[in-house]
Amino acid sequence: MPKMTFIDRDGQRHQVDAPVGLSVLEIAHRNKIDLEGACEGSLACSTCHVIVDDEDFDRLAEPTEDEEDMLDLAFGLTRTSRLGCQIIMTEELDGLTVGLPAVTRDMRTQK
């Protein structure tokens, strides 16, 4: 089974099993990693924003226009920012490393 590593907001690394076919968001939730996912993976927020390790970024499929639109709302956007709900684990992504940004923003709660 593939594995992946989450780097939490304190810089601590958490290596976990990453079943093929699950999203990074689902894998985080299964392993009690603090990745919000307020819209439950429906691509309606940016709270599952992750920062993909530079060495892994080019292994990912290109983001869709909808994902890019949601990423525009994320705090701390970087060149390797992606939404965890849109990264689906494959055997080829074994060893993927993602960091959690310091803060998230849920536009659904903004007035």
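My numbering numbers the first residue of the sequence shown as 1 and each following residue consecutively.
Cβ atoms here follow ideal geometry from the backbone N, Cα and C, with glycine treated the same way.
The structure presented is a predicted model; accordingly, all values stated were derived computationally and were not measured.
Is the distance from the Cβ of residue i to the Cβ of residue j below 8 Å?
i: V16; j: I27; result: yes
i: L35; j: L100; result: yes
i: G37; j: H49; result: no
i: T80; j: I33; result: no
Whose C-beta lies closer than 8 Å to the C-beta of residue i among residues of the same chain, with five residues either side of it excluded?
i: S23; result: G41, G84, C85, Q86, I87, I88 and M89
i: E67; result: L43, R82, L83 and Q86
Rounded to whole angstroms, what's the CA-CA distance from residue i to residue j? Just pull it up for me.
i: A74; j: E92; result: 27 Å
i: A112; j: I7; result: A question about residue 112 goes unanswered here, because the residues of the chain that appear run from 1 up to 111.
i: A61; j: A18; result: 17 Å
i: K3; j: H14; result: 10 Å
i: P63; j: R82; result: 8 Å
i: L43; j: D72; result: 13 Å
i: D56; j: C39; result: 26 Å
i: G76; j: N31; result: 24 Å
i: G11; j: C45; result: 24 Å
i: D94; j: D58; result: 13 Å
The beta strand (DSSP E) that contains residue i, what's its start and end?
i: D17; result: R13 to D17
i: L83; result: S81 to L83
i: I7; result: K3 to I7
Please state whether DSSP places residue i in a helix, a strand or coil.
i: I51; result: strand
i: V24; result: helix
i: L96; result: strand
Less than 7 Å separating the Cβ of residue i from some heavy atom of the ligand COA?
i: S23; result: By its list of ligands, the structure shown contains no ligand whatsoever, and the ligand COA lies outside what it can speak to.
Note down, in chain order, each residue of its chain lying with its Cβ closer than 6 Å to the Cβ of residue i, except the 5 sequence neighbours on either side.
i: E5; result: According to the sequence displayed, residue 5 carries Thr and not Glu. Excluding residues within five positions, the ones whose Cβ falls inside 6 Å are R13, Q15 and T97.
Give the range of the alpha helix (DSSP H) segment to which residue i is assigned.
i: E65; result: E65 to L71
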